[in-house]
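Peer 1: So for the sequence shown, this note's numbering puts the first residue at 139; every next one is plus one.
Glycine residues also receive a C-beta, built at the ideal position from the N, C-alpha and C atoms.
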Amino acid sequence: MSNWFKLLIIISAILVFGPQCKKSKDENTYYRIGNSEITRDDVDKFWMSLPDQMKIDYMDKKGRQELLNKLVDLELLYQEALRQKLDQDPMIKFELERTRKNILIEKLMQKAISPDDIYIYYQNNFARLDAITFSSQAQANATYQLLNKGADFKSLKASINPSQKDKELGYISRDDLIEQYGTEASSEVFRPGRKTKFTPVVKTSQGWAIFYVLEEPGSLDPRGENLVMDKIIAVKQEEVFRGMINDLRNRIPIKANQENIDAFLKVGEDWEKKQMEQNKEQTPAESIKTEPGNTAPVPGETVKPLTGTTSE
């Protein structure tokens, strides 16, 4: 998807609450398009709504002109949509209302998460790590002994994992550590009172590993927070969502029309039965996929020896 089209989508979402280019007597008007205007206030509000990475694209002279051009393009398309009365289409009305609700819900989630919440979660649930990975437990144990004797971690990694010598795991959360390397890895990295910067040998799904803690949980560089901000926000939003839903369900009466609900669910039940009946009607041969490399015989078929082979 082109950056131009992505930009239009972002602006369109903003315009769900109403067109940005309204009639204005503001002397800081950049364009007049039919009965609407694009003002400095419109541009400023839109620019502030952009992600930080996109803001940079529109800082210089060329970028600012591109931004103005995009706003003009959007207004032209918006007016054409109104001319064709697309805003009166029932399905489009539904989509606009759904988008409006989604934006409000997203802002509600964001409002409930403070910068302090994000920073505390970052410090308590992340570590900055490096690692040496092994296919042999014996090699892992030998390397662990060398580290205990004062060997340099980076030098050992360069000789054991040469393709990874200049790479580190970076800032990684407890949950991601568990998902990628297992519970034992997370327990060792986040173990209170760990006496060395490196962990004991840890069994992983790929083999074995020794982790080196470059920055300890609770003592992380504050600048690292921006590198994992999206992950933290996603986790905190899920926490806020669950907590808020439970609270709202307890506070706000919800009356269910069970007769209508049962009728709605009955359609799904009937569909399930139909699917089961269709599966039963299939012959065994029809249920086996004939994909390249699938040499499984059809049930009941006699498997003959390959030509030129003998059996004793």
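Just to confirm my understanding: we take Ile230, look at its own chain, exclude 5 residues before and 5 after, and list those with CB closer than 6 Å. What are they?
Peer 2: So the qualifying residues of the chain are Leu224.
Peer 1: Just list the residues that DSSP pairs Val340 with in beta bridges.
Peer 2: The partner list for Val340 (beta bridge, DSSP) reads Ala347.
Peer 1: Quick check on the burial criterion: 16 or more other C-beta atoms within 10 angstroms. Buried or exposed for Thr321?
Peer 2: exposed
Peer 1: Taking the alpha-carbon positions, what's the Gln283 to Glu204 distance?
Peer 2: Those two C-alpha atoms are separated by around 60 Å.
Peer 1: Compute the Euclidean distance between the alpha carbons of Phe232 and Arg238, then round it to the nearest angstrom.
Peer 2: 10 Å
Peer 1: Span of the alpha helix (DSSP H) holding Glu306?
Peer 2: Note, Glu306: premise wrong, no alpha helix (DSSP H); not H, not E.
Peer 1: For a quick check, are the C-beta atoms of Ala265 and Ile310 less than 8 Å apart?
Peer 2: yes
Peer 1: How far does the beta strand (DSSP E) with Ser301 in it extend, from its first residue to its last?
Peer 2: Counting along the chain, Ser301 falls outside any beta strand (DSSP E), and DSSP gives it neither H nor E.
Peer 1: How would you write the range of the beta strand (DSSP E) that Glu175 sits in, first residue to last?
Peer 2: Looking at the DSSP string, the run of the beta strand (DSSP E) that includes Glu175 is Ser174 to Thr177.
Peer 1: By DSSP, does Glu410 sit in helix, in strand, or in coil?
Peer 2: helix
Peer 1: Quick test of the definition: if touching needs 3 or more C-beta pairs under 8 Å, does the segment 363–376 touch the segment 245–255?
Peer 2: yes
Peer 1: How far does the beta strand (DSSP E) with Ala269 in it extend, from its first residue to its last?
Peer 2: Element bounds for Ala269: Phe264 to Phe272.
Peer 1: Please state the DSSP three-state secondary structure of Tyr196.
Peer 2: coil
Peer 1: Could you check what DSSP says for Glu376 in three-state terms: helix, strand or coil?
Peer 2: helix
Peer 1: So, do the segment 333–344 and the segment 267–279 have three or more beta carbon pairs nearer to each other than 8 Å?
Peer 2: yes
Peer 1: Distance check for Arg236 and Glu244, CA to CA, integer angstroms please.
Peer 2: 12 Å
Peer 1: Which residues bound the alpha helix (DSSP H) around Ile241?
Peer 2: Pro228 to Lys249
Peer 1: Could you please give me the residues that DSSP links to Arg170 through a beta bridge?
Peer 2: Paired residues: Glu175.
Peer 1: Have a look at the DSSP bridge pairing and note the partners of Glu353.
Peer 2: Arg266
Peer 1: Let me check understanding here. Comparing Cα to Cα, which of Gln375, Pro391, Leu294 and Ile241 lies closest to Asp255?
Peer 2: Per the Cα distances, Gln375.
Peer 1: Taking the alpha helix (DSSP H) that Ser325 belongs to, which residues open and close that run?
Peer 2: Thr321 to Val327
Peer 1: Which whole-angstrom value is the C-beta distance of Lys295 and Lys287, which I expect to be below 8 Å?
Peer 2: That belief does not hold up - the Cβ atoms of Lys295 and Lys287 are roughly 16 Å apart, past 8 Å.
Peer 1: If we call anything under 8 Å between Cβ atoms a contact, is Leu352 one with Glu306?
Peer 2: yes
Peer 1: Below 7 Å CB to CB, which residues in the same chain sit around Asp453 once its five sequence neighbours on both sides are set aside?
Peer 2: Outside the displayed range of the chain (139 to 450) lies residue 453, so it cannot be described from this structure.
Peer 1: Going by DSSP in three states, Lys459 sits in which element: helix, strand or coil?
Peer 2: Limits of the chain in this structure are 139 at one end and 450 at the other, which puts residue 459 out of reach.
Peer 1: From Lys418 to Ile399, what does the alpha carbon distance come to, in whole angstroms?
Peer 2: 29 Å
Peer 1: Buried or exposed: where does Phe402 fall if 16 or more other Cβ atoms within 10 Å of its Cβ makes it buried?
Peer 2: Of the residues assessed, Phe402 falls on the exposed side of the cut-off, its CB having fewer than 16 other CB atoms within 10 angstroms.
Peer 1: Buried or exposed for Trp346, going by 16 or more other Cβ atoms inside 10 Å?
Peer 2: Counting C-beta atoms within 10 angstroms of its own C-beta, Trp346 has 16 or more neighbours from the protein chains shown and is therefore classed as buried.
Peer 1: Let's test the definition: count the other Cβ atoms within 10 Å of the Cβ of Asn262 and tell me whether it reaches 16, buried, or not, exposed.
Peer 2: exposed
Peer 1: Going by DSSP, what residue range makes up the alpha helix (DSSP H) through Ala276?
Peer 2: Gln275 to Asn286
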